[in-house]
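Notes for the one structure printed next.
Numbering (my numbering), first residue to last: 28 to 191.
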């Protein structure tokens, strides 16, 4: 019988991964061991969140974190979930995502969400929490075609212009 983990998929149609510990890693070596352990166990991906300044000020940039994780192993997938797109400029994010996708082909899954469990996280970057849904939608209207290699002619509404 064929190994169920062949092709790095534990069960056909279902992908299974491992979340990065919220506190991070004590060292580069610990992180590498964690990622390699996940890959060696046949898991499909490692996963991280994205929080600019979550609750008590701790946070991480999800794209930066998965870029680093992708460099720790040559094949395991990396997932960002969910990236708070409304807190960033969509053109810069498109460039970051495209760069990572080029450096780790076929390995990135980029989840986008509106956030909201911590209003302070939005306020510290000048975003009115009430606009996060509209800002995310508008940013996706810019991000998607850019990632597809298309030109975008878009005038940002007040919901995507920086307020600070």
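Cβ atoms here follow ideal geometry from the backbone N, Cα and C, with glycine treated the same way.
Take the alpha-carbon of residue 169 and the one of residue 66: they are about 34 angstroms apart. Straight through space, the alpha carbons of residue 64 and residue 56 are spaced by roughly 12 angstroms. Residue 72: member of the beta strand (DSSP E) spanning 72-75, first to last residue.
Boundaries of the alpha helix (DSSP H) harbouring residue 122: 117-130, taken from the DSSP string. For residue 102, the three-state secondary structure derived from DSSP is coil. Here residue 140 carries a strand assignment [DSSP, helix/strand/coil]. Under the three-state reduction of DSSP output, residue 85 falls in the strand class. It is roughly 13 angstroms from the alpha-carbon of residue 128 to the alpha-carbon of residue 101. Considering only 106, 59, 86, 143, the residue with the shortest C-alpha distance to residue 72 is 106.
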